[in-house]
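Going by the UniProt record's numbering, the letters in the sequence shown line up with residues 1 to 262, in that order.
Taking it in order: structure first as structure tokens, then the write-up.
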Amino acid sequence: MGRALMCSCAVRTRAGDRHGIQGADRDQRRCGVRRENVVLSSMICHHSGVDEAGSVYSVMVPLSAHLLCEQANDGLPIVVGQGLVASPTRPMRVHVPIAARLMVLEIERAAAESELSQLLGFALPWPMVFEPIIEVSVGAMSSWYRLARRYLLRSSHRAQVPTDPAETRSQQELLTLGLLCGQTHNYTSLLGREQPSRQFEAVRAAVDRLSRHPESVRTVGDLARVSGRSVRCLQEGFRRYLGVTPSEYLRRSRTGRGLGCC
């Protein structure tokens, strides 16, 4: 991976930029460490609304305030000891108090999903989607959070920023793997297993058939037959791994929305 770079200047952003921050121009104080596929930084926000979606998985942990995120019309308060993770295919609006301090981690979608694919031993048939709320004070993610804060603290001291490519690569992998293994997502149940579950295989077979031969699949019963499982098994699998029912997935596929909306 690329050599670590320091970023400690005031960053000016506009509505519609990569971070999707709405409103007039304003300055954000942001410093941290950047690698080829991972950006870890601290930030002082000077605007109350942030739209998170695009090509990265974004983790935000408030250091000095509470947050409120909106996803699928649900309001999710983020309190002390918690953070949030936004997945590229699940748009999220985050309300951030003015002057709030945040720890922000961004991992390129392609890099995160490639890492997960290697862990599972097969290509991902649909996007990875994280549970939005992270508990950073207890459990597996507390260790990950302490590691991220330690890296962030080191990045504020130029003499401590690693310049060895092997070390920066190791840090990137630890942050990425820690998130993949510590935070719940729609593939979590498959990690640590030698073979995917029958439910998972049924969903993968149904999605594959629908993408290759859409004309042969008209009903949920058709999907069940091509997957070799019961309608009930398929319904449970679609809800578990894709977050939708088979009938909703069929409808999205017919309207051209498909996996990108799941």
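Backbone N, C-alpha and C fix where the C-beta goes; we use that ideal spot for every residue, glycine too.
Note that the coordinates shown come from a computational prediction; the quantities given were computed from them, not determined experimentally.
If you draw a 10 Å sphere on the C-beta of residue 139, you find fewer than 16 other C-beta atoms in it, and that means exposed.
Spatial neighbours of residue 236 in its own chain (CB-CB distance under 7 Å, excluding positions within 5 residues in sequence) are listed in chain order as 199.
One alpha carbon belongs to residue 207, the other to residue 106, and they sit about 29 Å apart. Check the Cα spacing between residue 70 and each of 96, 189, 104: the tightest is with 96. When secondary structure is reduced to three states using DSSP, residue 39 falls in the strand class.
By the Cβ neighbour-count rule, residue 247 is exposed, with fewer than 16 other Cβ atoms within 10 Å of its own. Here the alpha carbon of residue 219 sits roughly 26 Å from the alpha carbon of residue 90.
The residue from 224, 38, 211 with its alpha-carbon nearest to that of residue 108 is 38. Taking the CA atoms as reference points, residue 103 sits about 43 Å from residue 227. Checking the DSSP bridge columns, you'll see residue 68 partnered with 77, 95.
Under DSSP, the beta-bridge partners assigned to residue 58 are 86, 106. Assignment of beta-bridge partners to residue 185 by DSSP yields 130. According to DSSP, residue 135 shares a beta bridge with 82. Taking the Cα positions, residue 209 is about 12 Å away from residue 201. Collapsing the DSSP output to three states places residue 229 in coil.
A straight line joining the alpha-carbon of residue 143 with that of residue 92 spans about 26 Å.
Bounds of the alpha helix (DSSP H) holding residue 207 are 198 to 212. In this structure, residue 61 keeps its C-beta atom at 8 Å or more from the C-beta atom of residue 87. Looking from the CA of residue 76, the closest CA among 94, 64, 65 belongs to 94.
The three-state reading of DSSP puts residue 218 in coil, since its state is none of H, G, I, E or B. Under a 10 Å Cβ-count criterion, residue 213 is classified as exposed, with fewer than 16 other Cβ atoms of the shown protein chains found around its own Cβ. Counting the other CB atoms within 10 Å of its CB gives residue 99 a total below 16, which places it among the exposed residues. Taking a C-beta distance under 8 Å as the contact criterion, residue 191 and residue 134 do not qualify as a contact pair.
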